[in-house]
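Protein chains: 2
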Amino acid sequence: MARSRHPTAPATLNRSARRRTKLTAKTSMKLATYKDGSRDGQLVVVSRDLTTAHYATGIGNRLQQALDDWNFIAPQLQDVYEMLNSGKARHPFPFDPAQCMAPLPRAYQWVEGAAYPSQAESARAANPEAGPENRPTEPRMRQGGSDDFLGPCDDILVADEAFDIDFGAGLAVVTGDVPQAATPEQGLDAVRLLMLVNAVRLRALIGDQAGPRGDPLQGQPCAAFSPVAVTPDELGQAWQEGRVHLTLQTAWNGRKVGLCDAGAEMHFHFGQLIAHVARTRRLRAGAIVGSGVVGNAGSERDGRREWPKGYGCIADKRAMETLQDGAPQTAYMRFGDTLRIEMKGRDGEPVFGAIEQSVRRFGE
Amino acid sequence: MARSRHPTAPATLNRSARRRTKLTAKTSMKLATYKDGSRDGQLVVVSRDLTTAHYATGIGNRLQQALDDWNFIAPQLQDVYEMLNSGKARHPFPFDPAQCMAPLPRAYQWVEGAAYPSQAESARAANPEAGPENRPTEPRMRQGGSDDFLGPCDDILVADEAFDIDFGAGLAVVTGDVPQAATPEQGLDAVRLLMLVNAVRLRALIGDQAGPRGDPLQGQPCAAFSPVAVTPDELGQAWQEGRVHLTLQTAWNGRKVGLCDAGAEMHFHFGQLIAHVARTRRLRAGAIVGSGVVGNAGSERDGRREWPKGYGCIADKRAMETLQDGAPQTAYMRFGDTLRIEMKGRDGEPVFGAIEQSVRRFGE
Numbered sequence: 001m002a003r004s005r006h007p008t009a010p011a012t013l014n015r016s017a018r019r020r021t022k023l024t025a026k027t028s029m030k031l032a033t034y035k036d037g038s039r040d041g042q043l044v045v046v047s048r049d050l051t052t053a054h055y056a057t058g059i060g061n062r063l064q065q066a067l068d069d070w071n072f073i074a075p076q077l078q079d080v081y082e083m084l085n086s087g088k089a090r091h092p093f094p095f096d097p098a099q100c101m102a103p104l105p106r107a108y109q110w111v112e113g114a115a116y117p118s119q120a121e122s123a124r125a126a127n128p129e130a131g132p133e134n135r136p137t138e139p140r141m142r143q144g145g146s147d148d149f150l151g152p153c154d155d156i157l158v159a160d161e162a163f164d165i166d167f168g169a170g171l172a173v174v175t176g177d178v179p180q181a182a183t184p185e186q187g188l189d190a191v192r193l194l195m196l197v198n199a200v201r202l203r204a205l206i207g208d209q210a211g212p213r214g215d216p217l218q219g220q221p222c223a224a225f226s227p228v229a230v231t232p233d234e235l236g237q238a239w240q241e242g243r244v245h246l247t248l249q250t251a252w253n254g255r256k257v258g259l260c261d262a263g264a265e266m267h268f269h270f271g272q273l274i275a276h277v278a279r280t281r282r283l284r285a286g287a288i289v290g291s292g293v294v295g296n297a298g299s300e301r302d303g304r305r306e307w308p309k310g311y312g313c314i315a316d317k318r319a320m321e322t323l324q325d326g327a328p329q330t331a332y333m334r335f336g337d338t339l340r341i342e343m344k345g346r347d348g349e350p351v352f353g354a355i356e357q358s359v360r361r362f363g364e
Numbered sequence: 365m366a367r368s369r370h371p372t373a374p375a376t377l378n379r380s381a382r383r384r385t386k387l388t389a390k391t392s393m394k395l396a397t398y399k400d401g402s403r404d405g406q407l408v409v410v411s412r413d414l415t416t417a418h419y420a421t422g423i424g425n426r427l428q429q430a431l432d433d434w435n436f437i438a439p440q441l442q443d444v445y446e447m448l449n450s451g452k453a454r455h456p457f458p459f460d461p462a463q464c465m466a467p468l469p470r471a472y473q474w475v476e477g478a479a480y481p482s483q484a485e486s487a488r489a490a491n492p493e494a495g496p497e498n499r500p501t502e503p504r505m506r507q508g509g510s511d512d513f514l515g516p517c518d519d520i521l522v523a524d525e526a527f528d529i530d531f532g533a534g535l536a537v538v539t540g541d542v543p544q545a546a547t548p549e550q551g552l553d554a555v556r557l558l559m560l561v562n563a564v565r566l567r568a569l570i571g572d573q574a575g576p577r578g579d580p581l582q583g584q585p586c587a588a589f590s591p592v593a594v595t596p597d598e599l600g601q602a603w604q605e606g607r608v609h610l611t612l613q614t615a616w617n618g619r620k621v622g623l624c625d626a627g628a629e630m631h632f633h634f635g636q637l638i639a640h641v642a643r644t645r646r647l648r649a650g651a652i653v654g655s656g657v658v659g660n661a662g663s664e665r666d667g668r669r670e671w672p673k674g675y676g677c678i679a680d681k682r683a684m685e686t687l688q689d690g691a692p693q694t695a696y697m698r699f700g701d702t703l704r705i706e707m708k709g710r711d712g713e714p715v716f717g718a719i720e721q722s723v724r725r726f727g728e
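Chain order of the listed sequences is Z and U.
All the letters of the first sequence, read from the start, carry residue numbers 1 to 364 under the working numbering.
All the letters of the second sequence, read from the start, carry residue numbers 365 to 728 under the working numbering.
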């Protein structure tokens, strides 16, 4: 029998015992990709408190490599992570999010769901005839371009403010291999890493108002990801049934506009989103599946509908305003605007580091 | 001054002269990817007549690597190609399309246009009020999943014939880096390779008839590509203004159903398709841009509209039948059906090798 490549699995275990060992072994770590001038950057392991990092030299240069051969490489990365956290790593250096590319600077698959029904809820609230049974039984999902993701501190380059520049604060998972026709449970088992995402939208190029010059594809430019991708175990009890039970914080020009609960109102959990995509095809290691914009349902207060937790994209805010006052008030982003998206753990410490971007005119 | 990495550019040339040399140097070759058990396969150079091949060992193992560093690697691959054609290659072996993965077994971007207005023309022909000015000024394009392409002889695995399994015979280009807001001319300059594609569609999961369980994303499972990808120069005079002026042949269960001209009726050429995608974002090396299903407009004969060149997808055939007789006649593919897509050069020889697939029930 070939010796297991899993370094923690004793060679004497039989196959099913090895498999159990592998499945139950906790994998808890934070990974990032440092800019080095190459297309894929350099894989680094980041300490739990996000203060120090360590190159994964000798283990793997690129995150995709680790995902391609996860059961072999992840335990080695975890060893580095543990040494880093205990102060025993050989060559630690201060971690700087500004040096980060997206954890996967380019990926083979990027597909986004609409797992939070907040916008649909808003629309339904405006229509008293629609009942809760209208809630969809399957998520609607959309493929995005994955050849050129932005790092957490990279500028959002847009040619024209008239494109109606919107942010989109959400979560995303990176999967391992997922078989065709996978169940939601198999989908969940395949979750390797979680990240925050800013799924930028150019609203004027999407939907009915776009006209003949618009195209949803053009309205979805490069998405940006958090400095760090974390394993589900890193979230502890906050990761439950395929949902992250933490608050996603969004600040626009320094003002907090969203403190949305990413957990309870996620109508389709990540396993369901993955299974939906895999219904007619396999998903291969390194596929990124996004939640869509995180949002929470509103509540009635003094006869007026309110959304006390704010919003994760401007389009949601405008839908709320339309429901409240018949017309949107909030304009889309302008050149020079800044955005900050982050999420803190139950210990109050940031989990993923922050996405901190500015909007800049393309070509200047 | 750093020495140019382009082996044919003399070190004494200044930068702009080197650039001219690079741009005018002809790159003519055929490349394929052999199955070797890995996710990306092994890059091979294939002889012009598709009879022999040679590993690109020592130059690059994977096609993506070559695309990432094209100006450095392509001339080396071309040397192998020329030795192969002249019978002077060191370790040639018989080329077997059945051993091929897709030239890019996984890619960072796969986006398809609808460059041939045949279906739109059919619809317009049925509506005498619509004039030719309705022809769109911008292509509609759709992102596809790119993490798991099929090789030219791989089976199409579908769970249920009721999904309405359709083929989709088209062309696709692989690009180099394309800047944001590129012009169609810049788009054309970035075309590195051409391939044939079978963009499989599950029609019952797309569009109005799909119902709440359908999703366009689920209706687009893995696409398959020709055994060989060729440089534009390899097409000679057949490659003109971003179009391939050759006939795309489609045979379904051994019967020729399409002999469609891929050139004259391509409403948006590949440079325009690329520029459309790049309007709001960069495209990175290795992006695949598809033409959509190749089709030709019909003509009036004895008061009846006919399409003598046939069709590249069953949905087109059914649209033709609907126009002729008010209802579609042709059913979608069944398990066991076979499909063959190929294209011959002006010398009558196959350019890309053939896509030859069977439809098989998933899980059997």
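Every residue gets a Cβ at the ideal spot worked out from N, C-alpha and C, and that includes glycine.
As the structure is a computational prediction, the values presented were derived from the model and not from experiment.
Residues of its chain near residue i, where Cβ-Cβ distance is below 6 Å and the 5 sequence neighbours each way are ignored
i, result
"H245 of chain Z", "A238, G263"
"M465 of chain U", "T397, K399, G405, G515"
"Q99 of chain Z", "Y34, K35"
"G709 of chain U", "V715"
"E706 of chain U", "Q613, P714, A718"
"E507 of chain U", "Rather than Glu, the amino acid found at residue 507 of chain U in this sequence is Gln. So the qualifying residues of the chain are V475."
"G242 of chain Z", "L188, H269, F270, G271"
"G676 of chain U", "A533, T614, G622, C624, V657, V658, G659"
"L157 of chain Z", "R360, F362"
"A685 of chain U", "Checking the sequence shown, residue 685 of chain U turns out to be Glu, not Ala. Excluding positions up to five away in sequence, the list reads P692, Q693."
Which residues DSSP lists as bridging residue i, in chain order
i, result
"Q721 of chain U", "U:L703"
"R201 of chain Z", "Z:D166"
"W252 of chain Z", "Z:R255, Z:L339"
"H54 of chain Z", "Z:V45"
"H310 of chain Z", "Before going further, note that residue 310 of chain Z is Gly rather than His in the sequence given. In DSSP, G310 of chain Z forms a bridge with Z:G258."
"E664 of chain U", "U:R669"
"I652 of chain U", "U:W474, U:V538"
Separation of residue j from residue i, as counted between CA atoms
i, j, result
"P543 of chain U", "F268 of chain Z", "37 Å"
"G113 of chain Z", "E364 of chain Z", "33 Å"
"A568 of chain U", "D528 of chain U", "5 Å"
"A159 of chain Z", "E549 of chain U", "19 Å"
"V197 of chain Z", "A172 of chain Z", "6 Å"
"Q76 of chain Z", "W70 of chain Z", "10 Å"
"D680 of chain U", "G635 of chain U", "25 Å"
"Q428 of chain U", "A691 of chain U", "45 Å"
"L217 of chain Z", "F513 of chain U", "21 Å"
"R403 of chain U", "A588 of chain U", "15 Å"
"G58 of chain Z", "I73 of chain Z", "10 Å"
"C383 of chain Z", "D233 of chain Z", "Only positions 1 to 364 of chain Z appear in this structure, which leaves residue 383 of chain Z out of reach."
"R504 of chain U", "D215 of chain Z", "7 Å"
"D68 of chain Z", "G618 of chain U", "39 Å"
7 Å Cβ shell around residue i - same chain, five flanking residues per side excluded
i, result
"L623 of chain U", "T611, Q613, K673, G674"
"M83 of chain Z", "A89"
"N425 of chain U", "Q406, L407"
"L56 of chain Z", "Going by the sequence as given, residue 56 of chain Z is Ala instead of Leu. Answer for A56 of chain Z: L43, V44, V45, L77, V80, listed in chain order."
Outcome for residue i when other beta-carbon atoms lying within 10 angstroms are tallied against a minimum of 16
i, result
"P467 of chain U", "buried"
"G353 of chain Z", "buried"
"K390 of chain U", "exposed"
"S655 of chain U", "buried"
"P461 of chain U", "buried"
"A479 of chain U", "buried"
"T388 of chain U", "Note that T388 of chain U scores 48 on pLDDT, short of 50, meaning its location in the model is unreliable; the coordinates nonetheless yield the value given after this. Per the 10 Å Cβ criterion, exposed."
"Q93 of chain Z", "The sequence shown places Phe at residue 93 of chain Z, rather than the Gln named in the question. Per the 10 Å Cβ criterion, exposed."
"A695 of chain U", "exposed"
"S226 of chain Z", "buried"
"A526 of chain U", "exposed"
"T338 of chain Z", "exposed"
"D347 of chain Z", "exposed"
Cβ neighbours of residue i in the same chain (closer than 8 Å, five flanking residues each side left out)
i, result
"Q584 of chain U", "R506, G508, G509, A563, V564, R565, L566, I570"
"A554 of chain U", "T539, G540, D541, V542, A546, I638, L647"
"T52 of chain Z", "V46, L84, A89, P92, F93, P94, F95"
"E265 of chain Z", "Y116, P117, S118, G295, N296, A297"
- At which residue ranges does the region 499 to 553 of chain U contain complete alpha helix (DSSP H) runs of 4 or more residues, listed in the order of the chain? 548 to 553
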